[in-house]
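*Asks:* Before I ask anything, let me first share the structure, which is written out below as structure tokens.
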Amino acid sequence: MLDFIARRIVAIIPVLAVVAVFVFLMLRLTPGDPAAVIAGDNATSDQIADIRTKLGLDEPLWTQFAIWIGNILQGNFGESYFFKKTVAELIAQRIEPTLALAICTLVFAVSVSVPIGVLAAYRQGSMLDRVVMGFSVVGFSVPGFVIGYCLIYIFAIELGWLPVQGYVRIGVDFWKFLERMILPSLTLSVGFIALISRITRASVLEVLNEDYIRTARAKGLSNRVVLMRHALRNAAVPILTVIGLGIAILIGGAVVTESVFGLPGLGRLTVEAVLSRDFPTIQTVILMFSVVYVVINLLIDISYTIFDPRIRY
Amino acid sequence: MKSMMRRSLAALAAGAILAGAGPALAQGKVLKFVQNGNLTILDPILTTAYVTRNHGYFIYDTLFSSDENNAVKPQMVDKYEVSPDKTVWTFTLRDGLEWHDGKPVTSEDCVASLQRWGKRDAMGSKLMDFVKEFKVVDAKTFQMVLKEPYGLVLDTLGKPSSNVPFMMPKRIAETDAFKPIDSQIGSGPFIYVNAESKPGEKHVYNKNTKYKPRAEPASGLAGGKVAKVDRVEIIELPDPQQQVNALIAGEIDLIEQLPHDLIPLLKKEKGVTLVDWNPLGHVFIIRFNHLVKPFDNPKIRLAALHAMRQEDYLKATVGEPEYYKVCPAAFICGTPNASDKTNGLLIKPDFEKSKALLKEAGYDGTPIVLMQSTTLPVLTNMAPVTKSLLEQGGFKVDMQSMDWQTVVSRRTRKEPADKGGWNVFHTFSVSADALNPISNSYFVANGEKSSWFGWPTDPQMEKMRDDYAKETDPAKSKALAEAIQLRAMETAQFGWLGQWYGPGASRANVTGWLKAPVPVMWNIEKK
């Protein structure tokens, strides 16, 4: 197992190298000039050229890349062109809302989707099953921002129960933090619930037809025990895989959700950085998301061994 | 199970109610303001971005300011004198001016501030061309010695919009004009609270309790800058629909400017007031690239202007006539330099004339590259109108859609359009930036040296602008401005495509939003 983990960690290096080259080239080859953005609308070409020189953007591409990589290897992720802060500081400032949103969404989505998926499988063909499947289709089809606006209209504007926007740090006021997390998490959960509940239903259905389930029932075990201990545990591997893959959807969804709900997280930082062509910030955030994604996949792979003892690395 | 769910819901509702009560109790005199964009750069001399200019007005003060009638009035300056030959201007600062760090504002600070600003601002740079030297007389008095009389000294020092000549402490003002400043110390009515400001989330300004406002009542950007709230928070909320929702829910107090399609929604809302704080509004612009074919040919530019009609643009972008004005005046209708003479251009199209000019100029049918910005709602519909009008006038048009930042970057390119350059694009300007031929940067015509994008070259235009700058008689200045406007039409230097207005919105308990080209937070009360 340790050997497997070590190999996987080593394998992260070429992945990150490819991501680094790709992101760097994409940013430099697509149109957009941070100097022009910094200078503003009334600046002249000469003024923009001066700013470009100050930022080092008139250096050859390979020189810029070598400087960036050299700095990263020394733990220096650079300074944002716009915020007068290091990218590391910016990320540290923005990571809490994104983490909070991801965790709330994950906890809520998994705790709703797995039980309803299991129930839908257990009651295959029933009204409950149809409702769950119908919800899945809707959850997949409706864009997150539409769901967000609907929830805001109902719960914030009409009922006035929850705030429209904003974020309060967990350490400042837990209840205000919680009330500001409800709508964004619900919004982001809908697609996730649809995905996990559908996979859970399919996986559990498959397992429910296995001989060992019939044996368990024949032994007189209760439905709850059969479902939770025998069926769900054996159906867990594909469900875990989807949850892992869903993290990527979550990261993508956070970009939209944070923008709609005014959460100052990494998703919004990415959008702001892309719109203003803040190269150091975009590069670092994308590298960071790549690391997160690879690590989560590694954790998911490791967790397979817990649910399925047949899997050994 | 049911009772547990009921208990959870009750707890949730109670939590929401308690938490909701929190802000109302704690807010007091905190004003929450949403601007039109994110505030990322905090140096109003480095960038012309309007959000940064607005930030500047919170924390910095100016030597002069323009009032609601656009008349320039002393602000930090107590008194000023001009020598009989109009070449020596002596300025004396008011008593009691103090930086936020407690040090006194001195003449040296002001001279350093003017010098840095003069390296970046077009109008400031023009003034500096006339400045022979600055002389510090004493801590409160300094002189600006000119090489020859300059007619726009006060208009330049009191210019309301980007780049505004904000005064900074000398050590900050000595920063390279092309590098951002690293400290936010001014002498204005609010103090920037760096420790509580989080870019992308909010920027915090506390009332400067030591600020000594002028005795005159506030008028436009002039008069007494009395902060009537203890704290202002700029909330960074990028989505306009969410800005409106937050205003309706009472989570914010002011929105700088509403998209036109959301105005009807707020008109129906009780508890919300629409505020037309910028009566001069904005002006749409079409800009040609004079360096590359086919718009390097003045006849082809003229053909394009013959195809244009302001009202088509205004209807397509603004829609509601209440919020736009067809205006032939390049220097803005209702202002001293306004003239309705445009040689018949821009108001009524003449497609036959356009086609005839194209034939005369030998236009070979090469499609012109029109850059369409799709991310600024107010500009999105401009390019399709241009495409339609130009095609009716005999042009072939290749409209390319892109985000505004790509337009901003690509417009700096001087290559031919088929090699990554461009031929034409649209922008808009705050009308206050366009009131005379010196502040209106679209009139600069000294080619690649310092013309705005499109780089027109017209020595006659530059001579006329110089004459305007030197003229001190208002009647003669007006005549020169009219001649400059007509010259721009003769050479089809660029086109102005009508004025439009975008009201802001506030909660009904917020009053005192001043009429000015810039949204300023002094004088505003929250009851």
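Line by line, the protein sequences give chains U and V. Residues in the first sequence are numbered from 2 upward in steps of one, following the working numbering. Residues in the second sequence are numbered from -9 upward in steps of one, following the working numbering. Beta carbons: idealized from backbone N, C-alpha and C, even for Gly. As the structure is a prediction and not an experimental result, all values here were calculated from the model.
Quick one: which unbroken alpha helix (DSSP H) runs of 4-plus residues sit fully inside the region 142 to 179 of chain V? Chain order, please.
*Replies:* For the region 142 to 179 of chain V, whole alpha helix (DSSP H) runs of length 4 or above, ordered along the chain, are 143 to 147, 160 to 163.
*Asks:* Around the C-beta of Phe84/U, are 16 or more other C-beta atoms found within 10 angstroms, so that it is buried, or is it exposed?
*Replies:* Taking the first sequence and counting its residues from 1, one reaches residue 84/U at position 83. With a threshold of 16 other beta carbon atoms within 10 Å, Phe84/U meets it and is buried.
*Asks:* So if DSSP puts Leu244/V in a beta bridge, which residue, or which two residues, is it bridged to?
*Replies:* On the second sequence, position 254 is the one that residue 244/V refers to. Answer by DSSP bridge pairing, in chain order: Phe23/V, Ser496/V.
*Asks:* Does Gly33/U come within less than 8 Å of chain V when only Cβ atoms are used?
*Replies:* If you number the first sequence from 1, residue 33/U lands on position 32. Yes - at least one Cβ of chain V is within 8 Å of the one on Gly33/U.
*Asks:* Skipping 5 residues on each side, what residues in its chain have a beta carbon closer than 8 Å to that of Ile10/U?
*Replies:* Numbered from 1 along the first sequence, position 9 holds the residue referred to as residue 10/U. Cβ-Cβ distances below 8 Å link Ile10/U to Leu299 in the same chain, with the five nearest sequence neighbours on each side left out; the list follows chain order.
*Asks:* Does the region 230 to 242 of chain V come close enough to the region 354 to 365 of chain V to have 3 or more Cβ pairs within less than 8 Å?
*Replies:* Flag = no, the region 230 to 242 of chain V and the region 354 to 365 of chain V do not touch.
*Asks:* From Val368/V, Gly108/V, Asp302/V, Leu348/V, pick the residue whose C-alpha is nearest to that of Phe285/V; which is it?
*Replies:* Indexing the second sequence from 1 puts residue 285/V at position 295. Closest by alpha carbon: Leu348/V.
*Asks:* In whole angstroms, what is the alpha-carbon distance linking Trp412/V and Leu380/V?
*Replies:* What you label residue 412/V is simply residue 422 of the second sequence in a count that begins at 1. What you label residue 380/V is simply residue 390 of the second sequence in a count that begins at 1. Near 16 Å, if we compare the C-alpha coordinates of Leu380/V and Trp412/V.
*Asks:* With respect to the alpha helix (DSSP H) encompassing Asn235/V, which residues constitute its N-terminal and C-terminal limits?
*Replies:* The sequence position of residue 235/V within the second sequence is 245, counting from 1. Per DSSP, the continuous alpha helix (DSSP H) segment holding Asn235/V begins and ends at 230 to 238.
*Asks:* By alpha-carbon positions, which one of Ala435/V, Glu246/V, Leu369/V ends up nearest to Phe415/V?
*Replies:* The sequence position of residue 415/V within the second sequence is 425, counting from 1. Ranking the options by Cα distance to Phe415/V, first place goes to Leu369/V.
*Asks:* Would you say Tyr123/U reaches chain V, if we count a Cβ-Cβ gap shorter than 8 Å as a contact?
*Replies:* Locating residue 123/U in the first sequence gives position 122, where the first residue counts as 1. Closer than 8 Å: no.
*Asks:* Out of Ala274/U, Ser190/U, Gln94/U, point me to the one whose CA is closest to Val111/U's CA.
*Replies:* Taking the first residue of the first sequence as position 1, residue 111/U is located at position 110. The option with the nearest alpha carbon to Val111/U is Ser190/U.
*Asks:* Compare the C-beta of Phe83/U with all C-beta atoms of chain V and state if any pair is closer than 8 Å.
*Replies:* Numbered from 1 along the first sequence, position 82 holds the residue referred to as residue 83/U. Interface residue, yes.
*Asks:* Can you find a C-beta in chain V that's less than 8 Å from the C-beta of Ile49/U?
*Replies:* Indexing the first sequence from 1 puts residue 49/U at position 48. By this cut-off, Ile49/U is an interface position.
*Asks:* Can you check the region 453 to 489 of chain V for any alpha helix (DSSP H) of at least 4 residues that lies completely inside it and give the ranges in chain order?
*Replies:* The region 453 to 489 of chain V contains these whole alpha helix (DSSP H) runs: 464 to 480.
*Asks:* Could you tell me which of Lys93/V, Ala205/V, Ser329/V sits nearest to Pro215/V, measuring between CA atoms?
*Replies:* Position 225 of the second sequence holds residue 215/V. Note on identity: in this sequence residue 215/V is Lys, with Pro being the wrong assignment. Measuring from the Cα of Lys215/V, the nearest candidate turns out to be Ala205/V.
*Asks:* Against chain V, does Leu228/U count as a neighbour if the rule is that its beta carbon must be under 8 Å from one of theirs?
*Replies:* The residue given as residue 228/U occupies position 227 in the first sequence. Not one chain V Cβ lies under 8 Å of Leu228/U.
*Asks:* Beta carbon of Leu336/V, beta carbon of Leu487/V: below 8 Å?
*Replies:* Locating residue 336/V in the second sequence gives position 346, counting from the first residue. Locating residue 487/V in the second sequence gives position 497, counting from the first residue. For Leu336/V and Leu487/V, yes; Cβs fall inside 8 Å.
*Asks:* His296/V and Pro249/V - do their beta-carbons sit closer together than 8 Å?
*Replies:* As a working note, residue 249/V is residue 259 in the second sequence. As a working note, residue 296/V is residue 306 in the second sequence. No, the pair does not count as a contact, with Cβ atoms beyond the cut-off.
*Asks:* Alpha carbon to alpha carbon, what distance is there between Thr307/V and Leu15/V?
*Replies:* On the second sequence, position 25 is the one that residue 15/V refers to. On the second sequence, position 317 is the one that residue 307/V refers to. Its pLDDT being 38, under 50, Leu15/V is placed unreliably by the model, and the measurement read from it follows with that caveat. Cα-Cα distance, rounded: 41 Å.
*Asks:* Measuring CB atoms only, is the region 426 to 445 of chain V touching the region 315 to 324 of chain V, in the sense that at least three cross pairs come out at less than 8 Å?
*Replies:* As far as the Cβ criterion goes, the region 426 to 445 of chain V touches the region 315 to 324 of chain V, which means the pair count is three or higher.
*Asks:* Quick one: what does DSSP say Val292/U is sitting in, helix, strand or coil?
*Replies:* Taking the first sequence and counting its residues from 1, one reaches residue 292/U at position 291. Note: Val292/U maps to helix in three-state DSSP.
*Asks:* Within the 8 Å Cβ cut-off, does Gly190/V reach chain U?
*Replies:* To locate residue 190/V, count along the second sequence from 1; it is residue 200. Under the Cβ criterion of 8 Å, Gly190/V is counted among the residues facing chain U.
*Asks:* In angstroms with no decimal places, state the Cα-to-Cα distance between Pro13/V and Val282/V.
*Replies:* Residue numbering aside, residue 13/V sits at position 23 when the second sequence is read from its first letter. Residue numbering aside, residue 282/V sits at position 292 when the second sequence is read from its first letter. Any answer about Pro13/V is weak, because its pLDDT of 40 lies below 50 and its placement is not dependable; what the coordinates show is given next. Cα to Cα, Pro13/V sits roughly 57 Å from Val282/V.
*Asks:* Please decide whether Lys258/V counts as near chain U, where near means a Cβ-Cβ distance under 8 Å.
*Replies:* As a position in the second sequence, residue 258/V is number 268, starting the count at 1. Not one chain U Cβ lies under 8 Å of Lys258/V.
*Asks:* Helix, strand or coil: how does DSSP classify Phe120/V here?
*Replies:* Stepping through the second sequence from its first residue, residue 120/V is reached at position 130. Three-state DSSP puts Phe120/V in a helix.
*Asks:* For a minimum of 4 consecutive residues, which ranges assigned as the alpha helix (DSSP H) are wholly contained in the region 47 to 98 of chain U?
*Replies:* Listed in chain order, they are 62 to 74.
*Asks:* Check whether the Cβ of Gln166/U lies closer than 8 Å to any Cβ atom in chain V.
*Replies:* For the purposes of this step, residue 166/U is identified with residue 165 of the first sequence, where counting begins at 1. Answer yes: the Cβ-Cβ gap between Gln166/U and chain V drops below 8 Å somewhere.
*Asks:* Can you check DSSP and say which residues form a bridge with Ile351/U?
*Replies:* Any answer about residue 351/U is impossible in this case: the structure gives chain U only from 2 up to 314.
*Asks:* Return the CA-CA distance between Ile52/U and Asp34/U, expressed in angstroms with no decimal places.
*Replies:* Within the first sequence, the letter at position 51 stands for residue 52/U. Within the first sequence, the letter at position 33 stands for residue 34/U. Roughly 10 Å between the two C-alpha positions.
*Asks:* Taking all protein chains shown into account, decide if Ser137/U is buried (16 or more other Cβ within 10 angstroms of its Cβ) or exposed.
*Replies:* One-based indexing of the first sequence puts residue 137/U at position 136. The residue is buried, with at least 16 neighbouring Cβ atoms inside 10 Å.
*Asks:* To the nearest angstrom, report how far apart Trp89/V and Glu164/V are at their CA atoms.
*Replies:* As a first step, residue 89/V is located in the second sequence; it is residue number 99 there, counting from the start. As a first step, residue 164/V is located in the second sequence; it is residue number 174 there, counting from the start. Spanning the two alpha carbons is a distance of roughly 16 Å.
*Asks:* Is there at least one Cβ from chain U nearer than 8 Å to Val78/V's Cβ?
*Replies:* Mapped onto the second sequence, residue 78/V falls at position 88. For Val78/V, the answer is no, since every Cβ of chain U falls outside 8 Å of its Cβ.
*Asks:* Quick one: is Cys151/U buried, meaning 16 or more other Cβ sit within 10 Å of its Cβ, or exposed?
*Replies:* Here residue 151/U is taken as the residue at index 150 of the first sequence, counted from 1. It counts as exposed.
*Asks:* Please name the residue, chosen from Ile276/V, Asp243/V, Ile275/V, His280/V, that lies closest to Val265/V on a Cα-to-Cα basis.
*Replies:* By one-based count along the second sequence, residue 265/V stands at place 275. Ranking the options by Cα distance to Val265/V, first place goes to Asp243/V.
*Asks:* What does the alpha-carbon distance come out to for the pair Arg521/V and Gln483/V?
*Replies:* Nothing can be reported for residue 521/V, as the shown portion of chain V is limited to -9 through 517.
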